[in-house]
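FYI, the numbering for the sequence shown is -39 to -1, 1 to 318, going by mature numbering (1 follows the signal peptide of the UniProt record, and there is no 0).
No residue lacks a Cβ here, since even glycine has one placed at the ideal position from N, Cα and C.
All values reported here derive from a predicted model rather than from experimental measurement.
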Amino acid sequence: MRDRISRGRRSRMVRALTAAGAAATLAAAQLAAPAPASAAVSRAELALRWAPIHYQDVDATGAHALGGQSDYIAKVDFDGDLNGRNNWDRTGQAGTSLAAHAYYSVVETSTHWYLTYLFFHPRDWTDHPFFETEHENDGEGVLLAVERDGSTYGALRGAVTVAHSDFYSYTPTGSTWSGGRETVDGTLQFQASPHDSFQHPVTAQEAQGHGLKAYPQYTINGDGLVYYPSTVAETPSDGNDRDVRYKLIDIFAADGLWAQRADSTLFAGLGTFAGDTSGDCGSGTWSCSANSANAPWGWDDGNDLPARGELASDPAKLSVEYFTIPAGLSRTYTYNPYAGAAAELAKVAKTAPPVVD
């Protein structure tokens, strides 16, 4: 802001202070301006700072596309209830909301923060008549490992994404982490957001099945949405809206997904969303499967060593399996609400049938 009443006798110090005050005002107006270096960052602030800029490819064709709405991300209760078995039918109906939301959880050790993000779609769909299966509900996402390096928000070292029943690992340029038991699948890119002052990691999901990888391994082909992390939830204007803000929801909130994990209307089992074959799911395609989507504590790459759900519940273990990491990574959690159900999660990991999202 220019000082319209400045005079020659005003000192350089006063002008500098005025400019500094204006800059501070502008920073305060930013949606997620950095906290002062001396302030402890909250888990919600940490999740918002590192939340991905998210590219969502959209397919508007086919009977089950709903003009592209079947590829919009949403809350699990977008239709006003926690019944997972009516989500296919309720998608796109009057009275429901496809305002953009994503879920997150944060667990901590003395050396790292681990942030898991879930992007939920009410439908996993297809428009192919042969050898393609669709199902109600779809949950895929990403784990970000952030080193507590003394800075306010830490340094992002590695990422693991979920694409159906496979995990893919990435490191940003300059990371101190490299490939371990698993080969690094690519470079995690960053992009500036028009809604805050940060460079965010960039992820992308394919249309229909919604597998998630680091951008541009998936990208927008034709129509698509670009979602930006925010504290507000916007509904896309159409299937080709390139600036849609999404709101984060804490999985560990008092009434959050983790608290609802025993709700049999939402979950068919521990970490598996409930879904049936009602409506036109499977019509004109190969088939429709039931109970075929996962929450983060149900994610599993059956070909890899970490057990079902450990991407979210024991991310330090998963990290040392996927990456080569400099000495000093702690495996002891200082905050991990998943840990209270560790025995139950381990039992399910050994006995539950695999769920291919």
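Sequence-distant residues of its chain with Cβ nearer than 8 Å to residue 335 (five each side left out): The question about residue 335 has no answer, for the chain in this structure spans -39 to 318.
Inter-residue spacing [alpha-carbon to alpha-carbon] between Val309 and Asp85: On the sequence shown, position 348 is the one that residue 309 refers to. On the sequence shown, position 124 is the one that residue 85 refers to. Cα-Cα distance, rounded: 24 Å.
Segments assigned beta strand (DSSP E), at least 3 residues, entirely inside the stretch 164 to 252: 173 to 175, 185 to 191, 205 to 211, 228 to 230 and 248 to 250
Contacts around Arg206, its chain only, beta-carbon distance under 8 Å, and the 5 residues preceding and following it disregarded: The residue given as residue 206 occupies position 245 in the sequence shown. Once the five neighbours on either side are set aside, the close Cβ partners of Arg206 are Ala61, His156, Tyr188, Tyr189, Pro190, Ser191, Val193, Ala194 and Glu195.
CB contact below 8 Å: Leu173 versus chain C: Any reference to chain C falls outside this structure, which holds one protein chain only.
DSSP state of Asp50 mapped onto helix, strand, coil: One-based indexing of the sequence shown puts residue 50 at position 89. If DSSP states are grouped into helix, strand and coil, Asp50 belongs with the helices.
Whether Val123 touches Val103 by CB criterion (8 Å): Against the sequence shown, residue 123 aligns to sequence position 162. Against the sequence shown, residue 103 aligns to sequence position 142. For Val123 and Val103, yes; Cβs fall inside 8 Å.
Alpha-carbon to alpha-carbon, Gln150 and Thr134: Against the sequence shown, residue 134 aligns to sequence position 173. Against the sequence shown, residue 150 aligns to sequence position 189. Their backbone Cα atoms lie some 8 Å apart in a straight line.
Range of the contiguous beta strand (DSSP E) that encloses Val123: Mapped onto the sequence shown, residue 123 falls at position 162. Ala116 to Ala124 is the span of the beta strand (DSSP E), which, as asked, contains Val123.
Supposed close pair residue 323, Thr238 - CB separation, criterion 8 Å: The requested residue 323 does not occur in the structure, where the chain is confined to residues -39 to 318.
Alpha carbon of Pro13 to alpha carbon of His82, nearest angstrom: Stepping through the sequence shown from its first residue, residue 13 is reached at position 52. Stepping through the sequence shown from its first residue, residue 82 is reached at position 121. Approximately 17 Å, taken between the alpha carbons.
C-beta contact flag for Phe80 and Leu173 at 8 Å: As a first step, residue 80 is located in the sequence shown; it is residue number 119 there, counting from the start. As a first step, residue 173 is located in the sequence shown; it is residue number 212 there, counting from the start. In this structure, Leu173 lies closer than 8 Å to Phe80 by Cβ.
Nonlocal neighbours in the same chain, by C-beta distance under 7 Å from Ala8, ignoring five residues either side: Taking the sequence shown and counting its residues from 1, one reaches residue 8 at position 47. Cβ neighbours of Ala8 beyond the five flanking positions: Tyr65, Val67, Leu76 and Leu209.
First through last residue of the alpha helix (DSSP H) which encompasses Tyr283: Sequence index remark: in the sequence shown, residue 283 carries index 322 (1-based). Start and end: Pro276 to Tyr283.
Cβ neighbour criterion (16 or more within 10 Å) applied to Val316: Reading the sequence shown from its first residue, position 355 is the one you call residue 316. The residue is buried, with at least 16 neighbouring Cβ atoms inside 10 Å.
Nearest to Ala307 (by Cα), restricted to the options Gly141, Asp275, Ala21 and Tyr114: Position 346 of the sequence shown holds residue 307. Here the closest residue by C-alpha is Asp275.
Which residues DSSP lists as bridging Asp127, in chain order: Along the sequence shown, one-based indexing puts residue 127 at 166. Paired residues: Ala124.
DSSP-derived helix/strand/coil call for Ala313: On the sequence shown, residue 313 is found 352 positions in, with the first residue counted as 1. It is coil, neither helix nor strand.
Alpha-carbon spacing of Gly53 relative to Val281, whole angstroms: Counted from its first residue, the sequence shown places residue 53 at position 92. Counted from its first residue, the sequence shown places residue 281 at position 320. Their backbone Cα atoms lie some 42 Å apart in a straight line.
Opposing strand residues paired with Tyr294 [DSSP bridges]: In the sequence shown, counting from the first residue as 1, residue 294 sits at position 333. According to DSSP, Tyr294 bridges with Thr70.
Bounding residues of the alpha helix (DSSP H) (the contiguous stretch that carries Ala106): As a first step, residue 106 must be located in the sequence shown, where it is residue number 145. DSSP places Ala106 in no alpha helix (DSSP H) but in the uninterrupted beta strand (DSSP E) bounded by Thr94 to Glu108.
Whole-angstrom distance between Ser112 and Gly243, CA atom to CA atom: By 1-based counting over the sequence shown, the position of residue 243 is 282. By 1-based counting over the sequence shown, the position of residue 112 is 151. Cα to Cα, the separation comes out at about 50 Å.
Spatial distance of Val121 from Ala153 (CA atoms): For the purposes of this step, residue 121 is identified with residue 160 of the sequence shown, where counting begins at 1. For the purposes of this step, residue 153 is identified with residue 192 of the sequence shown, where counting begins at 1. Rounded to the nearest angstrom, the two C-alpha atoms are 21 Å apart.
Of the listed residues Ala304, Arg292 and Glu95, nearest to Thr72 (C-alpha basis): Counting from one through the sequence shown, the residue named residue 72 turns up at place 111. It is Arg292 whose Cα lies nearest to the Cα of Thr72.
CA-to-CA distance, Arg222 to Cys249, given in whole angstroms: In the sequence shown, the residue the question calls residue 249 occupies position 288. In the sequence shown, the residue the question calls residue 222 occupies position 261. C-alpha of Cys249 to C-alpha of Arg222: approximately 24 Å in a straight line.
Delimiting residues of the alpha helix (DSSP H) encompassing Ala5: The residue you call residue 5 lines up with position 44 of the sequence shown. Ala5 -> alpha helix (DSSP H) spans Arg4 to Trp11.
As assigned by DSSP and simplified to three states, the class of Asp32: Position 71 of the sequence shown, counting from 1, holds the residue named residue 32. In the three-state DSSP reduction, Asp32 falls in the helix class (H, G or I).
Same chain, Cβ closer than 6 Å to Asp202, five either side skipped, listed in chain order: On the sequence shown, residue 202 is found 241 positions in, with the first residue counted as 1. Result list for Asp202: Leu186, in chain order.
Cβ-based neighbour list, Gln160, same chain, cut-off 6 Å, excluding 5 preceding and 5 following: Counted from its first residue, the sequence shown places residue 160 at position 199. Closer than 6 Å at the Cβ level, and outside the excluded window around Gln160, lie Phe151 and Ala153.
Supposed close pair Trp74, Gly41 - CB separation, criterion 8 Å: Here residue 74 is taken as the residue at index 113 of the sequence shown, counted from 1. Here residue 41 is taken as the residue at index 80 of the sequence shown, counted from 1. 33 Å between Cβ atoms; not a contact.
Residues bridged to Ile14 (per DSSP): In the sequence shown, residue 14 corresponds to position 53, counting from 1. DSSP, once it has assigned bridges, lists Val163 as partnering Ile14.
Exposure of Ser136, with buried meaning 16 or more beta-carbon neighbours within 10 Å: Counting from 1 along the sequence shown, the entry for residue 136 is found at position 175. Buried is the call here.
Continuous beta strand (DSSP E) stretch holding Phe39: start and end: Walking along the sequence shown from the start, residue 39 turns up at place 78. Counting along the chain, Phe39 falls outside any beta strand (DSSP E), and DSSP gives it neither H nor E.
Spatially closest choice to Leu231 from Ser158, Ala303 and Lys36, by CA coordinates: Position 270 of the sequence shown, counted from the first residue, corresponds to residue 231. Closest by C-alpha distance to Leu231, out of Ser158, Ala303 and Lys36, is Ala303.
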